[in-house]
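For reference, the structure discussed in these notes is given below.
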Amino acid sequence: MAEPATLPVLDLNVLIAMYGDDSAETITLALSGFRREATHYVQQLQDVGQPSARKDHAPTDNVQTDNALADTARLCHSLKSMCGLVGAAKLMQLCIALEQAAWQQDLPTLQSGLLKLAGVWPETLAMLNLILLQHGYTDV
Amino acid sequence: MLLKNFNVLVVDDVVLMCDFLYGVAKKVPGCYAFKALDGKTAAETLENEAIDLLITDIEMKGPTGLELIYRVRSGGFASTAHDIPIIIFSGNAYLELIQQSISYDVNDFLAKPITADQLIRKIQHHLQTEKQIKSAAHYRALNSDFSAKTAVPDENRKVSVAIVRELNPKPEAETEEPDISGKKADKKDFLFWPEHATTGYFQIDRRLRNFAFNISCFHNVFVGNCKPVAIESERKRACEACDYLFHITKNIKHKERRHQFWLLFNQRLEKLKPLAAELNSVNIKHHSQVLVLLKRLSYWWMQTCNRPIIQKNDDDGADNG
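This is the structure in structure tokens:
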């Protein structure tokens, strides 16, 4: 399994193969849809990883119940599917690790993964915006 | 060649994925696509539209994909038949859910991600390939066995994460439902659906094929002097097959496009109604009465499964509008 650092942030060839179409319209429709929906999922994951107001709480305190862990796993699962569709390989790899950690209740791995997300997502978002601009999408 | 008029429903709670599936399904020649972002919307669509193929994710908030599948297979929707092809489209699956899906005779498991081309081929394949699905009552009975373990305990889930690449459906021979005496209906014995025949409507073709199969099963157990309970069971299935044929025919839209066909076909259905009623009420101890009824059913079948009602699948005339 490749390390996230060696994976492409966004592989447009994957998106083109998935949709079977390399038109600018399809690319911008898929990427803008991904950006909109993934932002929502990432926000929820970041909320999960936020430390609570109490100083004695660790960043993963919000996810320590079984239900919260299952919800986190589902969020990661959905985000992973979306990433696979548009070729966001680095974020997808991270989602796989996060999902497994959530199902296995491996809080240290989950915590470090959520911290990585704070770096991987802005990188993905920047690449998304760049490609969208290159394909004539102005709303970035 | 795919005939027209297929309704495909795609269900996924991820908007991007749902839109992708919807876009692909729309591209399949002759398909009309519906989409649903949650189980509730999907259930409404299945209730109100005659869906011919369901593609669903498993993990959704209520009803889940599996609950939807159960409701389809147990005949829980007014407009959608229980024996439509069902494709599960999911990234993760758990052993218990896969086992349950198999018992509901889902036609395929597809792993995310899948390309548009692969998905189109899968849709075409499943719309053209008939899989023998058991009666709705069978799946209703099955669910009571599963009800105690519908929810997978978290302690099991956490150690059973798996990526499902592709699980081929069971070979056709294994999925055909044997009759109680252990024999399978030999379609050449009594009623059979001619190879490559079509009415021009996929939905009707399947119901007619199902009708032929079930009447043949009934015939086989009856002439084979099987136990009354076996004969009763096959009689019940044959009656259900008749009901499904009447039911699906009522729900087909745009009949005006093939006026002549519908005129003739409705005449044939009117002739079937008294036979179906007699099948439902005939005393199976009255051997001669049952034999006469079977003969009349056979005669009805012979007159119905003929031109102009059915055509060869690759005929130019097989256009359903």
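Quick note, the sequences are listed as chains A and B, same order. When the first sequence is numbered by the numbering used here, its final residue is 1369 and no position is left out of the sequence of numbers. When the second sequence is numbered by the numbering used here, its final residue is 305 and no position is left out of the sequence of numbers. No residue lacks a Cβ here, since even glycine has one placed at the ideal position from N, Cα and C. Values in this document were obtained by computation on a predicted structure and should not be read as measured data.
C-beta atoms of residue i and residue j nearer than 8 Å
| i | j | result |
| --- | --- | --- |
| B:Leu278 | B:His203 | yes |
| A:Met1356 | A:Leu1239 | yes |
| B:Glu51 | B:Ser74 | no |
| B:Ala20 | B:Ala9 | no |
| A:Pro1237 | A:Lys1319 | yes |
| B:Pro69 | B:Leu111 | yes |
| B:Asp36 | B:Ile117 | no |
| A:Ser1307 | A:Tyr1366 | no |
| A:Thr1257 | A:Leu1361 | yes |
| B:Leu0 | A:Phe1263 | yes |
| A:Leu1304 | A:Gln1334 | no |
| B:Ala34 | B:Arg55 | no |
| B:Asn91 | B:Ile107 | no |
| B:Asn(-9) | B:Tyr185 | no |
| B:Leu(-7) | B:Leu38 | yes |
| B:Tyr228 | B:Arg193 | no |
| B:Gly59 | B:Ala125 | no |
| A:Met1247 | B:Val(-2) | no |
Close Cβ partners of residue i (< 6 Å) along its chain, the five nearest in sequence each way excluded
| i | result |
| --- | --- |
| A:Arg1283 | Residue confidence is low: A:Arg1283 scores 47 on pLDDT, short of 50, so the model does not pin down where it sits. No coordinate-derived value is stated. |
| B:Trp285 | Leu175 |
| B:Ala181 | Ile294 |
| B:Arg57 | His66, Tyr88 and Tyr123 |
| B:Gln287 | none |
| B:Lys296 | His180 |
Same chain, Cβ closer than 8 Å to residue i, five either side skipped, listed in chain order
| i | result |
| --- | --- |
| A:Ala1326 | Thr1338 and Gly1342 |
| B:Ile268 | Phe206, Pro212, Ile215, Glu216, Arg219 and Val274 |
| B:Gly23 | Val(-5), Met44, Lys45, Gly46, Pro47, Thr48, Gly49, Glu51 and Leu52 |
| B:Ile104 | Val8, Lys11 and Val12 |
| B:Leu248 | Pro292 and Ile293 |
| A:Gly1249 | none |
| A:Leu1241 | Ile1256, Gly1316 and Ile1360 |
Counted within 10 angstroms of its Cβ, other Cβ atoms place residue i as buried (16 or more) or exposed
| i | result |
| --- | --- |
| A:Leu1314 | buried |
| B:Lys234 | exposed |
| B:Gln251 | exposed |
| B:Pro13 | exposed |
| A:Asp1276 | exposed |
| B:Arg291 | exposed |
| A:Gly1316 | buried |
| A:Arg1265 | exposed |
| A:Ala1267 | buried |
| B:Ala100 | buried |
| A:Glu1254 | exposed |
| A:Trp1350 | buried |
| B:Pro178 | exposed |
| A:Glu1328 | buried |
| B:Gln244 | exposed |
| B:Asp41 | buried |
| A:Lys1309 | buried |
| B:Ile86 | exposed |
| A:Thr1353 | buried |
| A:Thr1301 | buried |
| B:Asp3 | buried |
| A:Ala1347 | exposed |
Cross-strand partners of residue i (DSSP beta bridge)
| i | result |
| --- | --- |
| B:Ala222 | Partner(s): none; B:Ala222 has no beta bridge. |
| B:Ile39 | B:Val(-6) and B:Ile71 |
| B:Ala26 | Note: B:Ala26 sits in no beta bridge, so no partner. |
| B:Cys15 | B:Phe(-10) |
| B:Lys296 | B:Ala181 |
| B:Ala20 | B:Val(-5) |
Neighbourhood of residue i by C-beta, 7 Å cutoff - its chain only, sequence neighbours within 5 removed
| i | result |
| --- | --- |
| B:Tyr189 | Before going further, note that residue 189 of chain B is Asp rather than Tyr in the sequence given. The answer, listed in chain order, is Thr182 and Thr183. |
| A:Ala1330 | Thr1338, Leu1339 and Gly1342 |
| B:Leu253 | Phe230 and Thr233 |
| B:Asn32 | Ser63 |
| B:Lys255 | Trp284 |
| B:His270 | none |
| B:Pro155 | Because B:Pro155 sits at a pLDDT of 38, beneath the cut-off of 50, its placement in the model cannot be relied upon, and the point is left open. |
| B:Glu262 | Leu277 |
| A:His1364 | Ala1253, Ile1256 and Thr1257 |
Per-residue contacts from residue i into chain E (C-beta, under 7 Å)
| i | result |
| --- | --- |
| B:Gly60 | Among the chains of the structure shown, chain E does not appear; the protein chains present are A and B. |
Pairing CB atoms from the segment 221 to 233 of chain B with CB atoms from the segment 182 to 202 of chain B, are three or more of them under 8 Å?
yes
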